[in-house]
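Participant:
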Amino acid sequence: MEHKPKLMATASRQGQGVHAERIMIDRLSNLPDPIAHHIFSFVDLKDIVRVGCTSKRCRQFHLSTPTLSFNFNEFPDMKKSQCSKRLEVMNSLDRLLAHRRNDKLKRFHIHWVPHNRYVEDCSCDESFRIMTWVYDAVRCEVEELDLDICVHQETPLALSSFMFLCDSLRSLSVNMKCVLKAPPLDSSSNLKKLKLREVCIVDEEFFTWISCCCKCIKELGLHDIYGVQNITIESSSLESFVFQCPGLSAGCNLNISGEKLESLHIYWGNIFLDRKSSLNLFAPNLKSLIWSGSLFSHQNVGKLTCLEKAELSLKVKSGKEFDIIYEILCSMPEVKVLILHKEITKALLKEGPIPTLFCARIHYLQMHMEGLFDFLVPAMVCFFRGMPSLNTLYLKSDQINFHPEARSSGFDAEFWKSQNLAFIKKLRLVNIELSNGSNGIELARYILEHAQNLEKMAIVHSPEQSNAIGKLNESKKAPNAIVVFEEDQERGTRKHGPRAFWLFSRMLQRSLDSIWSLNFDDYGYP
Numbered sequence: 082m083e084h085k086p087k088l089m090a091t092a093s094r095q096g097q098g099v100h101a102e103r104i105m106i107d108r109l110s111n112l113p114d115p116i117a118h119h120i121f122s123f124v125d126l127k128d129i130v131r132v133g134c135t136s137k138r139c140r141q142f143h144l145s146t147p148t149l150s151f152n153f154n155e156f157p158d159m160k161k162s163q164c165s166k167r168l169e170v171m172n173s174l175d176r177l178l179a180h181r182r183n184d185k186l187k188r189f190h191i192h193w194v195p196h197n198r199y200v201e202d203c204s205c206d207e208s209f210r211i212m213t214w215v216y217d218a219v220r221c222e223v224e225e226l227d228l229d230i231c232v233h234q235e236t237p238l239a240l241s242s243f244m245f246l247c248d249s250l251r252s253l254s255v256n257m258k259c260v261l262k263a264p265p266l267d268s269s270s271n272l273k274k275l276k277l278r279e280v281c282i283v284d285e286e287f288f289t290w291i292s293c294c295c296k297c298i299k300e301l302g303l304h305d306i307y308g309v310q311n312i313t314i315e316s317s318s319l320e321s322f323v324f325q326c327p328g329l330s331a332g333c334n335l336n337i338s339g340e341k342l343e344s345l346h347i348y349w350g351n352i353f354l355d356r357k358s359s360l361n362l363f364a365p366n367l368k369s370l371i372w373s374g375s376l377f378s379h380q381n382v383g384k385l386t387c388l389e390k391a392e393l394s395l396k397v398k399s400g401k402e403f404d405i406i407y408e409i410l411c412s413m414p415e416v417k418v419l420i421l422h423k424e425i426t427k428a429l430l431k432e433g434p435i436p437t438l439f440c441a442r443i444h445y446l447q448m449h450m451e452g453l454f455d456f457l458v459p460a461m462v463c464f465f466r467g468m469p470s471l472n473t474l475y476l477k478s479d480q481i482n483f484h485p486e487a488r489s490s491g492f493d494a495e496f497w498k499s500q501n502l503a504f505i506k507k508l509r510l511v512n513i514e515l516s517n518g519s520n521g522i523e524l525a526r527y528i529l530e531h532a533q534n535l536e537k538m539a540i541v542h543s544p545e546q547s548n549a550i551g552k553l554n555e556s557k558k559a560p561n562a563i564v565v566f567e568e569d570q571e572r573g574t575r576k577h578g579p580r581a582f583w584l585f586s587r588m589l590q591r592s593l594d595s596i597w598s599l600n601f602d603d604y605g606y607p
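All residue numbers for the sequence shown refer to the working numbering, where the first residue is 82 and numbers rise by one.
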């Protein structure tokens with residue numbers, strides 16, 4: 082009876098090398114398919130192909146791996162290589178997808194930069210090849226498709242709607258300059274996540290298709306899209322919607338209706354062509370709102386009674402716009418986390434003491450301001466007084482003060498103590514970025530001395546404030562409080578130049594403000 086030879090460990094280095102090599106191959110070849118595929122999901126395409134050449138079993142792994150990621154950055158020499166060299170790489174990917182036959186793909190990612198971006202005299206027709214890869218992925222019943230293509234041509238690539246008709250597709254991300262047409266309205270889609278960036282949508286029917294045919298969609302992202310003015314989304318399944326289109330030159334009428342919508346992020350605005358625009362929102366269960374850029378000409382957000390987190394970074398160009406923003410704030414009575422950027426904070430505090438109908442449940446407050454000037458402090462006190470549940474406070478300020486002449490040293494710790502602010506008993510976490518003057522330091526001193534439940538306080542200061550910080554560090558504080566001081570070398574005014582610098586800074590800021598206040602319709606612009 083013939084016995085198979087056993088692999089023996091020998092004393093020779095040659096024998097040890099063979100033994101190690103055989104063990105290495107066996108460890109990978111004998112793995113179950115799911116485990117091997119999981120390992121391959123962390124390996125880039127070049128190495129997957131190399132491993133596939135080592136054995137028949139490894140070739141099966143690399144042809145059946147459910148995750149394929151082709152990243153152009155993995156081939157740095159391809160940027161300015163000859164067309165023939167790039168053709169070899171594309172042919173390799175062609176063969177890889179062709180040999181898969183009908184093995185299912187879970188995820189297929191392509192990041193590609195066409196040759197004609199780096200080489201002027203280029204005859205490569207790479208767009209066609211990329212589309213064939215997408216067809217192959219659809220044939221393999223892909224579940225997640227991610228296309229990140231830098232199209233370098235005057236005429237945008239026409240992208241067929243065949244991808245949307247793929248029954249297996251659950252997630253689609255398209256980041257490329259292309260023209261997208263709506264799929265047939267009698268079709269259906271199993272998409273749960275759709276993200277479009279720099280896509281030209283030629284008709285509004287595309288959004289009708291999303292509303293009527295995407296019954297499972299949960300996440301929708303529209304980034305820098307163009308070609309359409311009216312966007313209407315009505316979905317009973319949508320949970321998250323991102324609309325980031327700050328440069329829609331055609332204006333925008335955005336209508337969103339979703340009973341399950343919980344997260345909304347809007348970034349819209351146009352400095353020079355402020356055409357008529359509108360926002361109509363029906364989201365009774367909205368929990369998180371991020372809104373930045375500009376207000377619409379008209380907005381109707383309804384009652385946001387379930388909203389828990391709000392972040393607002395909006396331009397405020399008139400008293401009328403402030404009234405609109407205040408009305409929006411009052412529509413969110415249950416908000417717990419509130420983040421206000423500089424324009425909002427400035428407008429809110431500049432109006433003086435105002436009713437704080439939306440503050441009662443806030444426990445996290447972040448405010449960005451130019452500085453803690455004297456004329457802002459009374460309004461800030463009124464603002465704080467309406468927040469009895471506040472336990473986390475973050476006060477941001479500009480590194481450079483554009484108003485060095487503004488008084489900011491008129492309120493000491495005794496003033497803050499006399500206000501009897503209710504939240505001081507619950508305050509646990511504080512972060513203060515100090516501006517010029519002593520108002521910020523005195524507020525920090527008041528918090529240190531009276532916030533008995535304070536756990537941690539971080540204070541960012543300029544080099545000029547080092548002496549005052551040393552005295553502040555000697556203040557009594559809660560027994561378990563941790564105080565961290567951070568010196569910001571870029572913060573302050575002393576080393577940033579003479580008074581002429583500040584005059585120029587103010588002139589520049591006023592010029593920018595005047596641009597924002599212009600109504601370009603009066604100048605005959607379309």
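Cβ coordinates follow ideal geometry from the N, Cα and C atoms, glycine included. None of the values given here were measured: they were computed from a predicted structure.
Would you tell me roughly how many angstroms separate the C-alpha atoms of V309 and E408, rounded to the nearest one?
Facilitator: 29 Å
Participant: Whose CA, out of Y527, W193, T213, lies closest to the CA of L178?
Facilitator: T213
Participant: Please name the residue, chosen from S359, V323, S399, that lies closest to S43 on a Cα-to-Cα basis.
Facilitator: Nothing can be reported for residue 43, as the shown portion of the chain is limited to 82 through 607.
Participant: So H72 is in the beta strand (DSSP E); what residue range does that whole segment cover?
Facilitator: Shown here, the chain extends from 82 to 607; a query on residue 72 therefore has no answer.
Participant: Below 8 Å on the Cβ atoms is my guess for C295 versus L272; work out the distance and round it to an integer in Å.
Facilitator: 5 Å
Participant: DSSP beta-bridge partners for W193?
Facilitator: I230
Participant: From K390 to D217, what does the alpha carbon distance come to, in whole angstroms?
Facilitator: Those two C-alpha atoms are separated by around 43 Å.
Participant: Should E340 go down as buried or exposed, given a rule of 16 or more other Cβ atoms within 10 Å for buried?
Facilitator: Exposed.
Participant: Considering only the alpha carbon of each residue, which of I211, S338, P327, V416 lies closest to L370?
Facilitator: V416
Participant: Out of N361, P544, V418, N520, which has the shortest C-alpha to C-alpha gap to C333?
Facilitator: N361
Participant: Whose C-beta lies closer than 7 Å to the C-beta of C221 among residues of the same chain, with five residues either side of it excluded?
Facilitator: Close CB contacts of C221 within its chain, under the 7 Å cut and outside five residues either way in sequence, are with R181, N183, D184, K185, L186 (chain order).
Participant: What number of angstroms, rounded off, separates the C-alpha of D248 from the C-alpha of S270?
Facilitator: So the two alpha carbons sit approximately 6 Å from each other.
Participant: Which ranges would you report for the alpha helix (DSSP H) in the stretch 369-439 if only whole runs of at least 4 residues count?
Facilitator: The stretch 369-439 is shown to contain whole alpha helix (DSSP H) runs of 4 or more residues at 400-411, 423-431, in chain order.
Participant: Just confirm the distance between the C-beta atoms of G374 and G400, as a whole number of angstroms; I'd bet it's less than 8 Å.
Facilitator: About 20 Å; that fails the 8 Å criterion.
Participant: Does H542 pass the burial test, meaning 16 or more other C-beta atoms within 10 Å, or should it be called exposed?
Facilitator: Label assigned to H542: buried.
Participant: Near D493, which residues of its chain fall below 6 Å by C-beta distance, leaving aside the five closest residues on each side in sequence?
Facilitator: E523, listed in sequence order.
Participant: Following the continuous beta strand (DSSP E) through S315, name the residue where it begins and the one where it ends.
Facilitator: For clarity, residue 315 is Glu in the given sequence; the question names Ser instead. Its beta strand (DSSP E) spans residues 311-315.
Participant: Quick check on G308: does DSSP put it in helix, strand or coil?
Facilitator: coil
Participant: Can you give me the C-alpha to C-alpha distance between P469 and V194, rounded to a whole angstrom?
Facilitator: 55 Å
Participant: How is S268 classed by DSSP in three states: helix, strand or coil?
Facilitator: coil
Participant: Determine the DSSP secondary structure at F324, reduced to helix, strand or coil.
Facilitator: In the three-state DSSP reduction, F324 falls in the strand class (E or B).
Participant: In angstroms, rounded to a whole number, what distance separates the CA positions of L429 and L226?
Facilitator: Each residue's Cα considered, the two are about 45 Å apart.
Participant: Tell me which same chain residues have a C-beta within less than 8 Å of the C-beta of C387, skipping the five on either side of it?
Facilitator: Shown here for C387: same chain residues with a beta carbon closer than 8 Å to its own, the five before and five after excluded, namely P365, N366, L367, K368, E415 in chain order.
Participant: Here's a check: name, in chain order, each residue in its chain whose Cβ is nearer than 8 Å to the Cβ of V55, leaving out the five neighbours to either side.
Facilitator: There is no way to answer for residue 55, as the model of the chain reaches only from 82 to 607.
Participant: For the putative contact between L453 and L474, defined by C-beta atoms under 8 Å, what is the C-beta separation to the nearest angstrom?
Facilitator: About 13 Å separates the two Cβ atoms, so there is no contact after all.
Participant: Does the stretch 555-566 come close enough to the stretch 524-539 to have 3 or more Cβ pairs within less than 8 Å?
Facilitator: yes
Participant: Excluding sequence positions up to five away, which residues of its chain have a Cβ less than 8 Å from the Cβ of I314?
Facilitator: F288, I291, S292, L301, F322, N336, I337, S338, G339
Participant: Report the three-state DSSP secondary structure of S292 (helix, strand or coil).
Facilitator: helix
Participant: Whose C-beta lies closer than 7 Å to the C-beta of M244 among residues of the same chain, with five residues either side of it excluded?
Facilitator: V215, V219, L226, L250, L253
Participant: Give the DSSP-derived three-state secondary structure of R188 in the structure shown.
Facilitator: strand
Participant: The beta strand (DSSP E) spanning N520 covers which residue range?
Facilitator: No beta strand (DSSP E) contains N520, which is instead part of the alpha helix (DSSP H) from 520-531.
Participant: What is the DSSP secondary structure of C297, counted as helix, strand or coil?
Facilitator: coil
Participant: With the cut-off set at 8 Å, would you say Q480 and E571 are in Cβ contact?
Facilitator: yes
Participant: DSSP three-state call for Q546: helix, strand or coil?
Facilitator: helix
Participant: Any idea what DSSP makes of M450, helix, strand or coil?
Facilitator: strand
Participant: Looking only at C-alpha atoms, which of L319, V283, S317 sits nearest to Y307?
Facilitator: V283
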